[in-house]
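Participant: One structure, pasted below without further comment.
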Amino acid sequence: MENYYIKTNRTFSSIRKYAWIFTVLVAIGGLWVPKLGLLVILIMIGLTATSFFTGRYWCGNFCPHGSLFDRVIMPISFNKKIPNFLKSKIMIVGFFLFFMYNFSRKVIGVSSFWGSYDFLNKLGFVFVTTYLMVLITGGLLSIFINPRAWCQFCPMGSIQKLAYKLGKSIGATEKNEKKISIEHPDKCHMCGKCSRVCPFQLTPYLEFGEDHQFHNINCIKCATCVENCPANILSLRTEEEATEMIENVCIEGYENRQRIRAKITDIKELGKDIREYTFIFISPEKVDYKAGQFILIKIQDEPKAYRAYSISSANEDSTKLSVIIERVENGYGTNIIFNDFKVGDIVDLEGPMGNELVVDNSAEKVLFVGNGIGITPFIGLTREILSNSSSVKDIKLLDGQRYENEFLYKGYFESLSQEEDRFQYIPVVSRDKNSSLKKGYVTHVLKDMNLDGYKVYMCGSKNMIVDSYNILLDKGVKKEDIFYESEERIAM
Ligand SMILES: Cc1cc2nc3c(=O)[nH]c(=O)nc-3n(C[C@H](O)[C@H](O)[C@H](O)COP(=O)(O)OP(=O)(O)OC[C@H]3O[C@@H](n4cnc5c(N)ncnc54)[C@H](O)[C@@H]3O)c2cc1C
Ligand code: SF4
Ligand code: SF4
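The sequence shown: position 192 = 1054 (the working numbering), numbered continuously.
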């Protein structure tokens, strides 16, 4: 499981970014000004009160220790798998009783000073030392195991869970609690990224209910999974909002998703760390797919995980497909594929999926824009459009790479542009000073193009897509004529 869990930004609000200052102020500053510890009472009231309505929302959005672990300690954390015993009932209940016993003992001891000048200082100091204990123990676990290892058995988290159960039993959570919700399970890439970035290492993608919601009591509603899901299908919603979402969801392009057993029949080296894999379908023997769709390849069973790849072939007889995969440095899935997948292996696929790049039959002018590995769907798309009697009269392909030797299927695109008057191939290099090709990014070329009446399909890096999208709008292309797909989440 090396490289499995991903360190990523978890602080999407000022409170989450800076609440850690409160922890340091109370736990360290309180050693000199013990009354600062009394502020912790407000924290305890806040976390208990909110958990009646929203479960562990506090832990993911307001907790000052959580902010310290996520913001300050995460960069130096080993970020390992959280051991199961830290999540076990014995640990959670045992530590809760141990903590409460010690804490109550200290508070009762201080109560004998009630009415004296020193009472508030002494009471504050109890909270200061408790806060300091959490900072040291939680901090060490955070560095050597995982930023949120402490939170698995934090007594305040246990109080929240108890209060939440009470709130739920009296109906207080029904209208207020937002849960992670998935637009539709058929749109999920099963990539497991929601789990790989989750502070608690939960597995929402394997646990969504019939109502499309994730009901795990430990979810701290931090939205890290929402921000990182490449399919952009997660959100935090109340029960009512989730029901409304299900009623309005469109799953066009995903209706034919199915499990497929397939055999690898060919692996071609196309460049440094770039390979084309061809699969022949075994069961079912025929699968209908459209150029522009993508397919999932299973990389492991435990936890179940797939990787999404654009189909690079055109569908000639529904018996096979190809994908082109670039190995990502330290990438979890691509290293499994590159090291373990051999010709003759039987693998599990799922799909076909997606309609973002499936070209509208009524289009007359089409512009394809791809950069990096994002060029791959356009191989099958150009082949499909040019070989059938589609209404498209003009196809342009803008292909951006860093160096001239990185272009994929350049020979194919060049000969296609010589054979077909309808097709124009425009390769652009961004870093290759010795190349005779156009220099710059695809965005530079886009600015100078006449795009009247074009439908535009883009695939590649998030930056390229966002920048191109804005240029296209400035040039008068309508929003409904722009389609895109990326391996990163894009919310526009
Ligand atoms: C619809 C769609 C189509 C796609 N088509 C193609 C295609 O045709 N060809 C292709 O090659 N790819 C394609 N992809 C991308 C592909 O699905 C995989 O994401 C890609 O192969 C990388 O997988 P991986 O498991 O090796 O990398 P991962 O391990 O998932 O890493 C991916 C990125 O995550 C970050 N990351 C990972 N681990 C860490 C860590 N520990 N700390 C910090 N950051 C980390 C890095 O930025 C890394 O570059 C497509 C994706 C989508 C969504
Ligand atoms: S499932 Fe999502 S919202 Fe819940 S804790 Fe994990 S990342 Fe945060
Ligand atoms: S991150 Fe991946 S597995 Fe999780 S919901 Fe999104 S697409 Fe599905």
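For glycine and all other residues, C-beta sits at the position ideal for the given N, C-alpha and C.
Please state whether DSSP places aspartate 1210 in a helix, a strand or coil.
Facilitator: Counting from 1 along the sequence shown, the entry for residue 1210 is found at position 348. Correct three-state label for aspartate 1210: strand.
Participant: In chain order, which beta strand (DSSP E) runs of at least 3 residues are fully inside the region 1180-1257?
Facilitator: 1182-1188, 1208-1215 and 1227-1233
Participant: Once the 5 residues before and after glycine 1054 are set aside, which same chain residues still bring their CB inside 7 Å of it?
Facilitator: Counted from its first residue, the sequence shown places residue 1054 at position 192. Cβ neighbours of glycine 1054 beyond the five flanking positions: Tyr1067, Pro1165 and Ala1167.
Participant: Span of the alpha helix (DSSP H) holding proline 1017?
Facilitator: Taking the first residue of the sequence shown as position 1, residue 1017 is located at position 155. Run containing proline 1017: 1017-1031, per the alpha helix (DSSP H) assignment.
Participant: Taking the alpha-carbon of lysine 1130 as reference, which of Gln1162, Gln1075 and Tyr1271 has the nearest alpha-carbon?
Facilitator: Translated into positions along the sequence shown, residue 1130 becomes position 268. Nearest C-alpha to lysine 1130: Tyr1271.
Participant: Mind checking which residues open and close the alpha helix (DSSP H) that includes tyrosine 919?
Facilitator: For the purposes of this step, residue 919 is taken as the residue at position 57 of the sequence shown. From DSSP, the alpha helix (DSSP H) with tyrosine 919 extends over 919-923.
Participant: Determine the extent of the alpha helix (DSSP H) in which threonine 916 is found, giving its start and end residues.
Facilitator: Start at 1 with the first residue of the sequence shown, and residue 916 comes out as number 54. Per DSSP, threonine 916 belongs to the alpha helix (DSSP H) from 901-916.
Participant: Do valine 1209 and leucine 1243 have their beta-carbon atoms positioned less than 8 Å apart in this structure?
Facilitator: Counting from 1 along the sequence shown, the entry for residue 1243 is found at position 381. Counting from 1 along the sequence shown, the entry for residue 1209 is found at position 347. No. Outside cutoff.
Participant: Assuming threonine 885 is part of the alpha helix (DSSP H), what are its boundary residues?
Facilitator: On the sequence shown, residue 885 is found 23 positions in, with the first residue counted as 1. 882-889 is the extent of the alpha helix (DSSP H) around threonine 885.
Participant: Let me know the secondary structure DSSP gives aspartate 1048 once reduced to three states.
Facilitator: Counting from 1 along the sequence shown, the entry for residue 1048 is found at position 186. For aspartate 1048, the secondary structure class from DSSP, reduced to helix, strand or coil, is helix.
Participant: Hey, quick one: how far does the alpha helix (DSSP H) through phenylalanine 1345 stretch, first residue to last?
Facilitator: Within the sequence shown, numbered from 1, the residue matching residue 1345 stands at position 483. Phenylalanine 1345 -> not in any alpha helix (DSSP H); beta strand (DSSP E) instead, spanning 1344-1347.
Participant: Is valine 1059 close to ligand 2? I mean its beta-carbon at under 7 Å from any heavy atom of the ligand.
Facilitator: Numbered from its first residue, the sequence shown carries residue 1059 at position 197. Checking every heavy atom of ligand 2 against the Cβ of valine 1059, one is found closer than 7 Å.
Participant: Would you report the Cα separation of cysteine 1084 and leucine 1098, rounded to the nearest angstrom?
Facilitator: Translated into positions along the sequence shown, residue 1084 becomes position 222. Translated into positions along the sequence shown, residue 1098 becomes position 236. Their Cα atoms are separated by approximately 9 Å.
Participant: Taking the alpha-carbon of valine 895 as reference, which of Lys984, Ser876 and Ile868 has the nearest alpha-carbon?
Facilitator: As a working mapping, residue 895 is identified with position 33 in the sequence shown. Residue Lys984 is the option with its Cα nearest to valine 895.
Participant: Alpha carbon to alpha carbon, what distance is there between isoleucine 1126 and glycine 1262?
Facilitator: Along the sequence shown, read from residue 1 onward, the residue named residue 1262 stands at position 400. Along the sequence shown, read from residue 1 onward, the residue named residue 1126 stands at position 264. If I take the Cα positions, the gap works out to 30 Å.
Participant: Looking at C-alpha atoms only, which residue of Lys1148, Leu1024 and Arg1010 is the closest neighbour of arginine 933?
Facilitator: Along the sequence shown, read from residue 1 onward, the residue named residue 933 stands at position 71. Taking only the C-alpha atoms, the option nearest arginine 933 is Arg1010.
Participant: Answer with buried or exposed for asparagine 1192, where buried requires no fewer than 16 other C-beta atoms within 10 angstroms of its C-beta.
Facilitator: For the purposes of this step, residue 1192 is taken as residue 330 along the sequence shown, with counting starting at 1. That one is exposed.
Participant: With alanine 881 and serine 929 assumed to form a contact (beta carbons below 8 Å), what rounded beta-carbon distance in angstroms separates them?
Facilitator: Start at 1 with the first residue of the sequence shown, and residue 881 comes out as number 19. Start at 1 with the first residue of the sequence shown, and residue 929 comes out as number 67. The pair is a contact, with the Cβ atoms about 4 Å apart (cut-off 8 Å).
Participant: Here's the rule: buried if 16 or more other CB atoms are within 10 angstroms of the residue's CB, otherwise exposed. What is glutamate 1226?
Facilitator: Counting from 1 along the sequence shown, the entry for residue 1226 is found at position 364. The residue is exposed, with fewer than 16 neighbouring Cβ atoms inside 10 Å.
Participant: Hey, would you say the C-beta of lysine 1359 is under 7 Å away from at least one heavy atom of ligand 2?
Facilitator: The displayed coordinates of the chain run from 863 to 1354. Any statement about residue 1359 would go beyond what the structure contains.
Participant: Would you check if the distance between the CB atom of tyrosine 1274 and the CB atom of isoleucine 1241 is smaller than 8 Å?
Facilitator: Here the question's residue 1274 lines up with position 412 in the sequence shown. Here the question's residue 1241 lines up with position 379 in the sequence shown. Yes.
Participant: In chain order, what residues of the same chain have a beta carbon less than 7 Å from the beta carbon of serine 1004, not counting five sequence neighbours either side?
Facilitator: Residue mapping note: residue 1004 aligns to position 142 of the sequence shown, counting from 1. Result list for serine 1004: Phe931, Ile935, Ser939, Ala1011 and Trp1012, in chain order.
Participant: Assuming valine 1304 contacts aspartate 1343 (C-beta within less than 8 Å), just tell me the rounded distance between them.
Facilitator: Position 442 of the sequence shown, counting from 1, holds the residue named residue 1304. Position 481 of the sequence shown, counting from 1, holds the residue named residue 1343. 17 Å between Cβ atoms; not a contact.
Participant: Since glutamate 1131 sits in a beta bridge, which residues does DSSP pair it with?
Facilitator: For the purposes of this step, residue 1131 is identified with residue 269 of the sequence shown, where counting begins at 1. Glutamate 1131 is bridged to Arg1137.
Participant: Judging by CA-CA distance, which residue of Ala1124, Asn941, Val1307 and Glu1089 is the nearest neighbour of asparagine 1233?
Facilitator: Residue 1233 sits at position 371 when you count from the first residue of the sequence shown. Measuring from the Cα of asparagine 1233, the nearest candidate turns out to be Val1307.
Participant: Buried or exposed: where does alanine 889 fall if 16 or more other Cβ atoms within 10 Å of its Cβ makes it buried?
Facilitator: Taking the first residue of the sequence shown as 1, we reach residue 889 at position 27. Flag for alanine 889 reads buried.
Participant: In this structure, does DSSP put proline 1165 in helix, strand or coil?
Facilitator: Indexing the sequence shown from 1 puts residue 1165 at position 303. The answer is coil: DSSP assigns proline 1165 none of H, G, I, E or B.
Participant: Check whether the Cβ of phenylalanine 1076 lies closer than 7 Å to any heavy atom of ligand 2, and answer yes or no.
Facilitator: Counted from its first residue, the sequence shown places residue 1076 at position 214. Yes, Cβ of phenylalanine 1076 sits closer than 7 Å to a heavy atom of ligand 2.
Participant: Short of 8 Å in beta carbon distance, which residues of its chain neighbour asparagine 1223, apart from the five on each side in sequence? Order them along the chain.
Facilitator: Position 361 of the sequence shown holds residue 1223. Result list for asparagine 1223: Ser1252 and Ser1253, in chain order.
Participant: Does DSSP put serine 1388 in a helix, in a strand, or in coil?
Facilitator: There is no way to answer for residue 1388, as the model of the chain reaches only from 863 to 1354.
Participant: Cβ of lysine 1055 within 7 Å of any heavy atom in ligand 3?
Facilitator: What you label residue 1055 is simply residue 193 of the sequence shown in a count that begins at 1. In terms of side-chain proximity, the C-beta atom of lysine 1055 is found nearer than 7 Å to a non-hydrogen atom of ligand 3.
Participant: With DSSP as the reference, please indicate the residues paired to tyrosine 1271 in a beta bridge.
Facilitator: By 1-based counting over the sequence shown, the position of residue 1271 is 409. Looking at the DSSP assignment, tyrosine 1271 forms no beta bridge with any residue, so it has no partner.
Participant: Can you tell me whether DSSP reads alanine 1170 as helix, strand or coil?
Facilitator: Position 308 of the sequence shown, counting from 1, holds the residue named residue 1170. Collapsing the DSSP output to three states places alanine 1170 in a strand.
Participant: Taking the straight line between their C-alpha atoms, what separation do you get for lysine 1324 and serine 1172?
Facilitator: Here residue 1324 refers to the residue found at position 462 of the sequence shown. Here residue 1172 refers to the residue found at position 310 of the sequence shown. Each residue's Cα considered, the two are about 16 Å apart.
Participant: Assess contact between the region 947-962 and the region 1026-1042, defined as three or more Cβ pairs (one per stretch) separated by less than 8 Å. Is contact present?
Facilitator: no
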